[in-house]
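Chains as they are written, first to last, in this note's numbering: chain A, 1 to 403; chain B, 404 to 806; chain C, 807 to 1209; chain D, 1210 to 1612.
Think of the CB as a built atom: it goes at the ideal place given N, C-alpha and C, for glycine as much as any other residue.
From a predicted model like this one, the values you see are computed outputs, not experimental measurements.
The structure appears right after this line, and notes come after that.
There are 4 protein chains.
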Amino acid sequence: MALRKIINDPVYGFITIDDPLIFKIIAHPYYQRLRRIHQMAFASLVYPGAVHTRLHHSLGAYHLMHNALNELRNKGVDISLEEERGAKIAILLHDIGHGPYSHALERKLLKGVHHEQISVMMMELLNQQFDGKLQMAIDILSSKHPKQFLHQLVSGQLDVDRMDYLSRDSFFTGVAEGVIGYDRILKMLAVHNGELVIEEKAIYSVEKFLVARRLMYWQVYLHKTVVAAEKMLVKIIKRAQELLENGIELHAASEALDFFLKDHQYTNDFRNHLEKFCCLDDTDVMCTLKNWCNHQDVVLSLLCKGLVNRRLLKVEFRTEPFSKEETEEKCSKVARQLNISDYEAGYLVFKGEAVNTTYNPNDERIKVLFKNGTVTDISKIQNALIHQHFASPVKKYYLCRFE
Amino acid sequence: MALRKIINDPVYGFITIDDPLIFKIIAHPYYQRLRRIHQMAFASLVYPGAVHTRLHHSLGAYHLMHNALNELRNKGVDISLEEERGAKIAILLHDIGHGPYSHALERKLLKGVHHEQISVMMMELLNQQFDGKLQMAIDILSSKHPKQFLHQLVSGQLDVDRMDYLSRDSFFTGVAEGVIGYDRILKMLAVHNGELVIEEKAIYSVEKFLVARRLMYWQVYLHKTVVAAEKMLVKIIKRAQELLENGIELHAASEALDFFLKDHQYTNDFRNHLEKFCCLDDTDVMCTLKNWCNHQDVVLSLLCKGLVNRRLLKVEFRTEPFSKEETEEKCSKVARQLNISDYEAGYLVFKGEAVNTTYNPNDERIKVLFKNGTVTDISKIQNALIHQHFASPVKKYYLCRFE
Amino acid sequence: MALRKIINDPVYGFITIDDPLIFKIIAHPYYQRLRRIHQMAFASLVYPGAVHTRLHHSLGAYHLMHNALNELRNKGVDISLEEERGAKIAILLHDIGHGPYSHALERKLLKGVHHEQISVMMMELLNQQFDGKLQMAIDILSSKHPKQFLHQLVSGQLDVDRMDYLSRDSFFTGVAEGVIGYDRILKMLAVHNGELVIEEKAIYSVEKFLVARRLMYWQVYLHKTVVAAEKMLVKIIKRAQELLENGIELHAASEALDFFLKDHQYTNDFRNHLEKFCCLDDTDVMCTLKNWCNHQDVVLSLLCKGLVNRRLLKVEFRTEPFSKEETEEKCSKVARQLNISDYEAGYLVFKGEAVNTTYNPNDERIKVLFKNGTVTDISKIQNALIHQHFASPVKKYYLCRFE
Amino acid sequence: MALRKIINDPVYGFITIDDPLIFKIIAHPYYQRLRRIHQMAFASLVYPGAVHTRLHHSLGAYHLMHNALNELRNKGVDISLEEERGAKIAILLHDIGHGPYSHALERKLLKGVHHEQISVMMMELLNQQFDGKLQMAIDILSSKHPKQFLHQLVSGQLDVDRMDYLSRDSFFTGVAEGVIGYDRILKMLAVHNGELVIEEKAIYSVEKFLVARRLMYWQVYLHKTVVAAEKMLVKIIKRAQELLENGIELHAASEALDFFLKDHQYTNDFRNHLEKFCCLDDTDVMCTLKNWCNHQDVVLSLLCKGLVNRRLLKVEFRTEPFSKEETEEKCSKVARQLNISDYEAGYLVFKGEAVNTTYNPNDERIKVLFKNGTVTDISKIQNALIHQHFASPVKKYYLCRFE
């Protein structure tokens, strides 16, 4: 009787793990670090339940992968034990390269080294530690494995990543409308010419899935308060780096965060700094922000206090762009009010864009398999809800400002 | 301390009733009859959990009405206690005129007297018994009360009837994708110029609501097996009436059903037969069908046995109409097989259409109230999911046949 | 790729069936009849959602059996494919012998032929029709198969029957406190010396299971309104038989029910009447009751109208028995009020007892397997909630009376 | 139309706030700090979903208080608007004095200043800031308000604190068996002679509540892995303070934590240090632990790395105490293995006790109100599950050790 570990999950009931290699990966400090990175960054400022972690999400996606592979095997799709393990490890580690408050900090703190690149670097590092046993997972993640559908399960239009994060995020936020029929979609997956397709009977479930995603974007992920918080963090890091360049003394709460703040050369070969990167998580950032609340720089301390105490910048969304004049006028007003320069006020009054696309058929390609064996993109099916029409992204313009 | 009754409801937790008049209406045999009429007729042949009753649905809609009125009052809408009681009674009784397997039997058994007409007749009868205390409810239901929004809560595009049946039907069928955010929609209702509108923040929830309804139609209400069963019942009643006209002896299991089967004059003034109508429910029909399983008429007994034992006619759905030739050919084949006439075989092989519209802006008019005070139909909002495009009904053609 | 049928279940999500023999059993009219027998008889008079059927319950128990066998196999327990099929069929058919409103009518209508005996008779009949393929299922149900744990999964202290009915009944009634951790209990099942045991880690879950059962008994199954309705049905059948013996004309709505009402010899060999028995379900009884509402006999019509229109006898529960005097006095009062004899009034005023035992260690024997390999009855574990103390049944006395 | 804020809560759906004073309290930095304190400390190491915060819990308890007061008012209990506001603020702030990883750190870091004392101090501070408007809340919390039942709703045997944390903790852990019928219990609350009692009909729900609490204690709160993590944190702080006393250089990641680590005089008057205390939360501790992973002291760095990377001490639970010999022997073995002193090894090998009482009638006093107006303690009711027997606490002994 092999060792089996059962993890309680409020979303799926239980998650079962029974592969010794996967035990070891989960127990590795690199993976455990994901406990300290929130899946939804600042969304909990609006939805207080949304404090779940990237570790929990990746365990959930692993569980869905297990079920998806089972369903496909039951339908006669050939999947070897090694491929099964590979696909499971790939999904487990697909987010391992996320830094603290990832989407927010990627550009500023890591100078644009993308979390997906880091995930691959970290998997390669782990692959060395585990004697090459992660090669299949790396191949699947990088789309080098010949069975395309395995890669599409990890990262495609109906991948288990999205299915888990939509399910989990709607569960923890309490946004009931975000609930998707992941169970039904999984049961309707099939493989056709080596590609992942979905059976005709699931058309309405897929429509529902796309509509739920659309709703989650506008109602949760791009909620104006969430956007304000993320932008404030970006501005904080930018200001901190500016102060450092100007020779002002400033320390992060941890050595690792200090390094990434101050050292500008590391991106030459990020691989050399992976060990340090693996020390970073949300707590470094939050602890640092709290320390900076009392910094002498008005802009830095204002932004930090605002984010720590949830006194956020006001945000307005519009369907048309904000004019340069309006922005500048508001900026000047804040400058006078706080007795800072217009340039500095630009940290407290600024504009931007939020974009989301409901379904882009060129890009996404959800293929529906009909009973007669033909395959059609979901946007081209007669009477479908999802049309060409939705291919163009919806843009909303926002202005954040101190009040 | 007033009497208060608390009813457990798996969908909403608890339903509370605290008005003595409403107690008496609920306790009335006319209302209790709804215990014996399934909300979803034959849907339980596909979704075994879907055996909930019209009584349960109307109690649920009453609960949502209570919450909706509360929300509106909290927003400053003027609603008197009498209007509250009227709206609650109106929704409680809005379905009281449903006969057994209602949609299926309305045309055949009741010669087209529509359940909505019967509901009003029965409310008038009850109004006499309750000394005119139901007048406000009747006025609201009949749209005669000046506050239009009260009528729209009972019967409109975002009425509590739909909200309950979508929630309840998806709950009992287990079709998770049918779940709607009724709670959020209720909280976003408002009144503008006397009409029910929905606040801008609920746009995505309303989209989700319309998509859920669309899904429930095609996946549940118009599921081919459900359609087959309903059509079989219609054919059974038609055949029975034909046999009676031809002088064949035939009895329903109850006196009331016997009356409606055999007497053809009653529709002249249905009001005279309300008492008899109130004896009818699903059990009369099912018990009768079981008795007729052994009737000498091959067609009748075949259809009854099929429906009782869930050996249903096969159904095929197509996007194009079935040709006359194809239908006739299949019909003849069955005639030969069972040694019956082609005419008789027409009871076992027949075609029809199923139609559903996602959202018809001319007809439905879900009005969205923007923060700036303007009101726009949901189909005309920029970037909305629901477009003019969905106004035209989707038709599917089916052929039922004995095999 | 084998045929696979997926059934939506609001309790477990999906139930999957993939064995052609099991398809055929489910499609058989004997099994389909269970669609028309409510799992909880008259409980829906108090809990309007509790209208689920015995068909739904047995499908659910089948699903849990599937999961339980999987878990045991994963733990190294040897279970052949034939045994798996046998256990699944046994649980699917364990309730097939239930008559209409079963517990209520067993004694009166079927003269005490117990539904468990009938289940076995019907399985034997089906075994003939299916060429002996149900023999293993019959052996498991009758405890003749050497692997005792299979029988215990069908009918024991932690069997899947109880686990499903507690889960399902609490789900459909909306009594949240009846929810049990079936999933966790299933995962903790094990086999020790051929017997079903439960791992130490599940002690608290089993305690919770027993407490949930206790709660469901007193709050739902033995709810005074439910008891009143069941007793009224028993009295109705008794009165009908009495009237028939006295030569009064009286007909049931269906031929099958008429037979069991009138023929007193059939119990000699029930096996000869199985075909008739299989025509009986709740609709025969309810349709008959509705017909009898207008019968000339005051007692019969009063009871029928009461049950049909939910104007039930009043019930009082006490911890001490009601005295003969009190009962007789109330009986006489009703006799005078209705102008009937004291004997007849005995149909409308009568007393009885409701009994339930929380856990009887002599009888139930839930065995806990400790990590060190020892096995102990749950009632003998140090600090356990469930003690010897709970072995004695709790009795409550009730008096039903017309008012 | 007053301002109204609606917060999504996955446990209760929506939490509504409509009192401007309560808005201000929630927006206060002292309250917002609770966002950064986990409700269940290290429980998420076993139950990954259990990352909800004290802010979320206190909002949930506030919601239940709102409902409870409503129910009592509906039953005719006199509660003024000022008392309502007081009770709501009292429950909102009842946990505001919790420090980081509260139960674990109270003794070591705050030298035994109990979080309940700190809560009162902080409420008094807020009372000054809010012009005395929190006085009623302070009186209710401190049991000085004459209406005892209000205090009992905040802190009693059936208080909304417990009801929320049991509901919320079982929800986020996914331990379905911890679910309680809070909704039903709330509806059955009543006031008798000024004290909170529960109606007879809720006896089984209260039994279920106590059994759920018992299960949550042994299965979750006192789970051996959770206990190990908490004890490791206590040892880390103790070791750090010892190193500091010995003059070893050591810094916390934040100034506030540094202060409480190093200054030993503050407990003289904790009131002077409230401002500093309000800067502390879980992120200070976790960020500090991460920094200390590389400290030169073997014991400190081992413990920190273990807790950060979830390589916890092994724990064994027994019903009998561990002997001094066994503990010392294991200790010495670790000393030799790591080349440290036996004294130092005592940080890595140590024993302790976990205690929980199911229901202590002397202490807890859940009073049941019978229909006849009498009141009885739940442990003295005939046939109750909860008996005198459960009054004595259950003790389990554990040994933690490095491996």
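Exercise. Cβ of N775(B) less than 9 Å from any chain D Cβ?
Worked result: no
Problem set entry | Beta-carbon proximity of L1154(C) to V1174(C), cut-off 9 Å | no
Exercise. Using the C-alpha atoms, what's the distance from N74(A) back to M807(C)?
Worked result: Its pLDDT being 44, under 50, M807(C) is placed unreliably in this model, and the coordinates cannot settle the point.
Problem set entry | Identity of the residue in S570(B), D562(B), L589(B) nearest V582(B) by Cα | Comparing Cα positions, the closest option is S570(B).
Problem set entry | H98(A) versus V197(A): straight-line alpha-carbon distance, rounded | 29 Å
Problem set entry | Beta-carbon proximity check, H844(C) vs D970(C), cutoff 9 Å | no
Problem set entry | Start and end residues, alpha helix (DSSP H) containing R1527(D) | Element bounds for R1527(D): not the alpha helix (DSSP H) but the beta strand (DSSP E), 1523-1527.
For this session: Could you work out which residues of chain B lie near R1213(D), taking near to mean beta carbons separated by less than 8 Å?
Result: Ordered by position in chain B, the residues that pass the 8 Å Cβ test against R1213(D) are N477.
Exercise. Contact between the region 349-356 of chain A and the region 322-339 of chain A: three or more CB pairs below 8 Å?
Worked result: Yes, they touch.
For this session: Rank D18(A), R36(A), P20(A) by C-alpha distance to the C-alpha of V1494(D) and give the top, closest one.
Result: R36(A)
For this session: Identify the contact partners of G13(A) in chain C, using a Cβ-Cβ distance below 8 Å as the criterion.
Result: D989
Exercise. List, in order along the chain, the chain A residues whose C-beta lies closer than 8 Å to that of K993(C)?
Worked result: I6, F14
Exercise. Taking the continuous beta strand (DSSP E) assigned at Y1203(C), which residues delimit it?
Worked result: 1200-1207
Exercise. Residue ranges of each alpha helix (DSSP H) run of no fewer than 4 residues wholly in the region 918-973 of chain C, ordered along the chain?
Worked result: 921-935, 941-947, 954-960
Exercise. Would the region 198-208 of chain A and the region 18-25 of chain A be scored as touching if the rule is three or more Cβ pairs under 8 Å?
Worked result: no
For this session: Flag Q838(C) as yes if its beta-carbon sits less than 9 Å from any beta-carbon of chain B, otherwise no.
Result: yes
For this session: Report back the beta-carbon spacing between V1017(C) and V1384(D) to the nearest angstrom; my notes put them in contact at under 8 Å.
Result: That pair is no contact at about 15 Å.
For this session: Please determine, among L1212(D), K1440(D), P1238(D), P1219(D), the residue with the shortest C-alpha to C-alpha distance to C1488(D).
Result: By alpha-carbon distance to C1488(D), the top candidate from L1212(D), K1440(D), P1238(D), P1219(D) is P1238(D).
For this session: Compare the Cα-Cα distances from K665(B) to each of H506(B), Y450(B), I418(B), L513(B) and report the closest residue.
Result: L513(B)
For this session: Leaving out five residues on either side along the sequence, give the residues of the same chain with a beta carbon under 6 Å from the beta carbon of N67(A).
Result: L186
Exercise. Should the region 1119-1134 of chain C be regarded as contacting the region 1045-1065 of chain C, the criterion being three or more beta carbon pairs within less than 8 Å?
Worked result: Taking one beta carbon from each stretch, the region 1119-1134 of chain C and the region 1045-1065 of chain C have fewer than 3 pairs nearer than 8 Å; the two do not touch.
For this session: For H1265(D), return the contacting residues in chain A, with the cut-off set at a CB-CB distance below 7 Å.
Result: P48, G49
Problem set entry | chain B residues whose Cβ lies nearer than 9 Å to that of I889(C) | Reading off the sequence, residue 889(C) comes out as Glu, not Ile. Per Cβ cutoff of 9 Å: no residues; E889(C) is ~27 Å from chain B at best.
Exercise. What number of angstroms, rounded off, separates the C-alpha of N1569(D) from the C-alpha of W1024(C)?
Worked result: 25 Å
Exercise. Which residue's Cα is closest to the Cα of E890(C): G1179(C), V960(C), E1134(C), L861(C)?
Worked result: V960(C)
Exercise. Taking three-plus beta-carbon pairs below 8 Å as touching, is the region 452-464 of chain B in contact with the region 632-649 of chain B?
Worked result: no
Problem set entry | The beta strand (DSSP E) enclosing G1207(D), as first and last residue numbers | Since the first and last residues shown for chain D are 1210 and 1612, residue 1207(D) lies out of range.
For this session: Identify every residue that forms a DSSP beta bridge with T1585(D).
Result: Partner(s): V1577(D).
Exercise. Which residue's Cα is closest to the Cα of H94(A): P100(A), H273(A), H115(A), L81(A)?
Worked result: H115(A)
Problem set entry | Cβ distance (whole Å) where C690(B) is taken to contact T1089(C) below 8 Å | 5 Å
For this session: Figure out for me which residue from N1481(D), D1478(D), D1490(D), C1502(D) has the closest Cα to the Cα of K276(A).
Result: C1502(D)
Exercise. Since F1380(D) meets chain A, which of its residues come closer than 8 Å, beta carbon to beta carbon?
Worked result: P10
Exercise. How many Å lie between A1437(D) and A1554(D) at the Cα?
Worked result: 16 Å
Exercise. To which residues does DSSP link N356(A) through a beta bridge?
Worked result: Bridge partners of N356(A): V394(A).
Problem set entry | Cα-Cα separation, I781(B) to H192(A) | 39 Å
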